[in-house]
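**Student:** Protein chains in written order, with our numbering: chain X, 1 to 525; chain H, 526 to 792.
For every residue, glycine included, the Cβ atom is placed at its ideal position computed from N, Cα and C.
1) What does residue 560 (chain H) reach in chain X if we use C-beta pairs closer than 7 angstroms?
2) Just how far apart, CA to CA, sit residue 648 (chain H) and residue 356 (chain X)?
3) Counting Cβ pairs closer than 8 angstroms, one from the stretch 718–732 of chain H and one from the stretch 587–598 of chain H, do we hit at least three?
4) Please list the partners that residue 731 (chain H) has in chain C, where partner means a Cβ-to-Cβ separation under 9 angstroms.
5) Going by DSSP in three states, residue 81 (chain X) sits in which element: helix, strand or coil?
6) Check whether the Cβ atoms of residue 156 (chain X) and residue 165 (chain X) sit closer than 8 angstroms, and answer yes or no.
7) What does a CB cutoff of less than 7 angstroms around residue 244 (chain X) pick up in its chain, not counting 5 residues either side in sequence?
8) Quick one, which residues of the stretch 440–451 of chain X are near chain H if we go by CB-CB under 8 angstroms, in chain order?
9) Take residue 381 (chain X) and list the residues in its own chain whose beta-carbon comes closer than 7 angstroms to its own, dropping the five residues that flank it on each side.
10) Classify residue 651 (chain H) as helix, strand or coil using the three-state DSSP reduction.
11) Which class does residue 741 (chain H) belong to by DSSP, given the choice of helix, strand or coil?
12) Just the Cα atoms here: how many angstroms apart are residue 322 (chain X) and residue 143 (chain X)?
13) Pull up the CB-CB distance for residue 770 (chain H) and residue 588 (chain H), whole angstroms please, since I reckon it's below 8 angstroms.
14) Under a CB-based cut-off of 8 angstroms, is residue 577 (chain H) close to chain X?
15) Given a cut-off of 8 angstroms, decide if residue 20 (chain X) and residue 517 (chain X) are closer than it, judged by their beta-carbon atoms.
16) Any idea which residues DSSP pairs residue 497 (chain X) with across the strands?
17) Which residues of chain H have a Cβ atom closer than 8 angstroms to the Cβ of residue 373 (chain X), listed in chain order?
18) In chain H, what lies closer than 8 angstroms to residue 426 (chain X) by C-beta?
19) Is there at least one Cβ from chain H nearer than 8 angstroms to residue 359 (chain X)'s Cβ?
20) Using CA coordinates, which residue listed in H:775, H:623 and H:552 is at the minimum distance from residue 568 (chain H)?
21) In this structure, how does DSSP classify residue 214 (chain X) when only helix, strand and coil are distinguished?
22) Can you name, in chain order, every residue of its own chain whose Cβ lies under 8 angstroms from the Cβ of residue 235 (chain X), other than the five neighbours on each side?
23) In chain H, what lies closer than 7 angstroms to residue 554 (chain X) by C-beta?
24) Tell me the rounded alpha-carbon separation between residue 371 (chain X) and residue 364 (chain X).
25) In angstroms, rounded to a whole number, what distance separates the CA positions of residue 101 (chain X) and residue 128 (chain X)?
26) Taking residue 289 (chain X) as part of the alpha helix (DSSP H), name the residues at either end of that continuous run.
27) Roughly how many angstroms separate the alpha carbons of residue 188 (chain X) and residue 196 (chain X), rounded to a whole number?
28) Would you decide whether residue 620 (chain H) is buried or exposed? Buried here means 16 or more other CB atoms lie within 10 Å of its CB.
29) How about residue 168 (chain X) and residue 51 (chain X): do their beta carbons lie closer than 8 angstroms?
30) Which chain X residues sit within Cβ distance under 7 angstroms of residue 635 (chain H)?
31) Please go through the same chain and pick out, in chain order, the residues whose beta-carbon is closer than 7 angstroms to the beta-carbon of residue 146 (chain X), but skip the five residues on each side of it.
32) Ignore the nearest five residues each way along the sequence and tell me which others in residue 600 (chain H)'s own chain have a CB closer than 6 angstroms to its CB.
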């Protein structure tokens, strides 16, 4: 009987070759073309086979299901040559026809696939040609920037999608218990082998426990019940540093940014006499100059964030404009600049030339402690130059409704999680006609000459296949944004993760998933 | 028991005075950030240490007492007053009791959180912190009418059907005299009990509403917002003095309960 219990124990306990980590909620779908929220996206990343994969550390594009590829016609077309003998996890063969079918599904507007947005253009759909079981070519009418790298996000789907679909990535979904866990098992037909010829992945399985409470997740990590935490708050990271120093991994600045902006849209949010302040570059620069970004990183993020200079993080080594510098705190300089614009400081309160007290409301989302702290610090910094800021922390849905729909707000403090190093999607924020043009969406014509210049640069780089030419255009966009400050960039938070020392092969990266991006090479000892 | 009640009364007066005298007694402004003294332990300069933004905890506790000790009881008073107003007429009619029970049940089962979200959407974002505070506690008071109303209605109905009430009416006592001399002491005791239960509930509810942007906005403190720090057990172990607002809340609740008890020893 004791032998039976011992065997049962080993069967139920985590296999030594199993990696365990937590996700905050149930994945909405296992269909790789409909993975939108982070939990589905994590499962997609770990299971889907893609043609090419961006190395999250070096940024290089590496072959995956595709053995080779070629971008031609000035970035209008790309052809892939697949590896021989590819199979899905259920043993069915994977061919160029599967790639074509997946891409056609993604592009189909009726499918409503978020992945399709990456591949669509404003013109006609691309032409997809399968010229053999291992050869496929895709041709666009106009150049598509970063065409090859786009295929990092296209998981090739099998012809028939079961509830737990087969996949061509390192793992497949073997079991799912709602509210409890998702179990991934190693794909016996995964194409990759290590230098010694051993089949990858090294891990037998990956268990994703569903746990929404980050404190409980941390406690389980400290008790060795889970091996990895892909994203940690500064407080929890410091706790790991104290209690399990070898497990804490900081990658330095992430691709993310925290910022705030004034609502410049006419007839919404602020009365016209306030809007006059918000549309003034001198006013925005002065407000920006009064803020102590070093303190924001030190206090709001417990030292785990760095002053930001512009829209792209310095962690994004290729695309970041290295000539930019974060604006240093200079309250006296800010007051001088405001005085030149007719503002006066009297009895600790700043007034404009018409005698209006300079005050505005700042909204941010409730429950995000670093952001709430940042709002309080900004409020205190601006009080020193006589500006009264009223902070309103809102439920996230209400906040999004105000900044995207009703535009009923004066200033907003938010952050952006950038998962892609290529700033192509991010540049859409700066298009004056765009819905995402945060400070004044959907302008009929650019409101200022510098916004017109940005429009020109954004559209130019969107149709340019040369990375270097795109870089030149995006560098200038960054310079203009840093100068005119329609968005006041505050800090770039660090990418903070944790991995138990027993997990080998970890190479933390700034891009998400920070410690799981090379899952096929990870081992648990 | 008399000594206990006197002690409880003295404690409540002391807490009330601390709050009322906060503007003069607080050693620092409640919003001043001493950024070189973040999460500092207690010292001569900061007797209860500082919070994560370098603000003096003692000063913030005193101002929080001013806010919560004044407004939470006011909210509770509003709820109990509305509860009394609706329960008195309802209690003496079968249909009235049924109708009130129905309305109260509907009110209790409503997802008030969406009402508060909608309210926040309608209120101006640049509303002064004091105005936001008054509206928050006012709306909580109005929304909370159903709890005391149900209990008071049931008690009044039972009293109406009791033997002594029957005798009082049969012996020809005027209704006003019955109400003032005989009924009111019973009702007042129940209403007071409901008031004592609601005060700490509203303090904690205000903290929850802070998550919706209602409630106290930065940098104004309240017991509720100070209690939000207790979400992190790790923080408590390192800085046990952050339990001070909780200790104050427990003290006030216990004192209210002591004052409300009859002091009679059961036979």
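**Tutor:** Walking through what the data contain:
1) Your numbering for residue 560 (chain H) matches position 35 in the second chain. Under the 7 angstroms cutoff, chain X gives 295 and 299.
2) Position 123 of the second chain, counted from the start, is the residue given in the question as residue 648 (chain H). Position 356 of the first chain, counted from the start, is the residue given in the question as residue 356 (chain X). Between residue 648 (chain H) and residue 356 (chain X), the C-alpha separation is close to 22 angstroms.
3) Output reads yes: the stretch 587–598 of chain H touches the stretch 718–732 of chain H.
4) This model lacks chain C altogether, as its protein chains are X and H.
5) Reading the first chain from its first residue, position 81 is the one you call residue 81 (chain X). DSSP places residue 81 (chain X) in strand when its eight states are reduced to three.
6) The residue given as residue 156 (chain X) occupies position 156 in the first chain. The residue given as residue 165 (chain X) occupies position 165 in the first chain. The criterion of a C-beta distance shorter than 8 angstroms is not satisfied by residue 156 (chain X) and residue 165 (chain X).
7) The residue given as residue 244 (chain X) occupies position 244 in the first chain. In its chain, beyond the 5 residues on either side, 222 have a beta carbon closer than 7 angstroms to the beta carbon of residue 244 (chain X).
8) none
9) Looking up residue 381 (chain X) in the first chain gives position 381. Excluding positions up to five away in sequence, the list reads 290, 291 and 292.
10) On the second chain, position 126 is the one that residue 651 (chain H) refers to. It is coil, neither helix nor strand.
11) Taking the second chain and counting its residues from 1, the one referred to as residue 741 (chain H) is at position 216. Coil, per DSSP.
12) As a first step, residue 322 (chain X) must be located in the first chain, where it is residue number 322. As a first step, residue 143 (chain X) must be located in the first chain, where it is residue number 143. Roughly 27 angstroms between the two C-alpha positions.
13) Translated into the one-based positions of the second chain, residue 770 (chain H) becomes position 245. Translated into the one-based positions of the second chain, residue 588 (chain H) becomes position 63. About 11 angstroms; that fails the 8 angstroms criterion.
14) Your numbering for residue 577 (chain H) matches position 52 in the second chain. Interface residue, yes.
15) Walking along the first chain from the start, residue 517 (chain X) turns up at place 517. Walking along the first chain from the start, residue 20 (chain X) turns up at place 20. Contact: no.
16) In the first chain, residue 497 (chain X) corresponds to position 497, counting from 1. Bridge partners of residue 497 (chain X): X:249.
17) On the first chain, position 373 is the one that residue 373 (chain X) refers to. Within 8 angstroms Cβ-Cβ: 577 and 578.
18) In the first chain, residue 426 (chain X) corresponds to position 426, counting from 1. The contacting residues do not exist; residue 426 (chain X) stays about 27 angstroms from chain H at best.
19) As a working mapping, residue 359 (chain X) is identified with position 359 in the first chain. Interface residue, yes.
20) What you label residue 568 (chain H) is simply residue 43 of the second chain in a count that begins at 1. Out of H:775, H:623 and H:552, H:552 has the C-alpha closest to the C-alpha of residue 568 (chain H).
21) Here residue 214 (chain X) corresponds to residue number 214 of the first chain, with the count starting at 1. Residue 214 (chain X): helix per DSSP, three-state reduction.
22) By 1-based counting over the first chain, the position of residue 235 (chain X) is 235. Cβ within range, chain order: 302 and 369.
23) Nothing can be reported for residue 554 (chain X), as the shown portion of chain X is limited to 1 through 525.
24) Within the first chain, the letter at position 371 stands for residue 371 (chain X). Within the first chain, the letter at position 364 stands for residue 364 (chain X). For residue 371 (chain X) and residue 364 (chain X), the distance between alpha carbons rounds to 7 angstroms.
25) Looking up residue 101 (chain X) in the first chain gives position 101. Looking up residue 128 (chain X) in the first chain gives position 128. For residue 101 (chain X) and residue 128 (chain X), the distance between alpha carbons rounds to 9 angstroms.
26) Here residue 289 (chain X) refers to the residue found at position 289 when the first chain is read from its first residue. From DSSP, the alpha helix (DSSP H) with residue 289 (chain X) extends over 281–290.
27) Here residue 188 (chain X) corresponds to residue number 188 of the first chain, with the count starting at 1. Here residue 196 (chain X) corresponds to residue number 196 of the first chain, with the count starting at 1. Rounded to the nearest angstrom, the two C-alpha atoms are 17 angstroms apart.
28) Walking along the second chain from the start, residue 620 (chain H) turns up at place 95. Residue environment: residue 620 (chain H) is assigned as exposed (fewer than 16 neighbouring CB atoms within 10 Å of its CB, all protein chains considered).
29) Translated into the one-based positions of the first chain, residue 168 (chain X) becomes position 168. Translated into the one-based positions of the first chain, residue 51 (chain X) becomes position 51. For residue 168 (chain X) and residue 51 (chain X), no; Cβs fall outside 8 angstroms.
30) Along the second chain, one-based indexing puts residue 635 (chain H) at 110. Under the 7 angstroms cutoff, chain X gives no residues; its nearest Cβ is about 17 angstroms from residue 635 (chain H).
31) For the purposes of this step, residue 146 (chain X) is identified with residue 146 of the first chain, where counting begins at 1. Only 422 and 424 meet the Cβ criterion.
32) One-based indexing of the second chain puts residue 600 (chain H) at position 75. Closer than 6 angstroms at the Cβ level, and outside the excluded window around residue 600 (chain H), lie 662, 665, 666 and 727.
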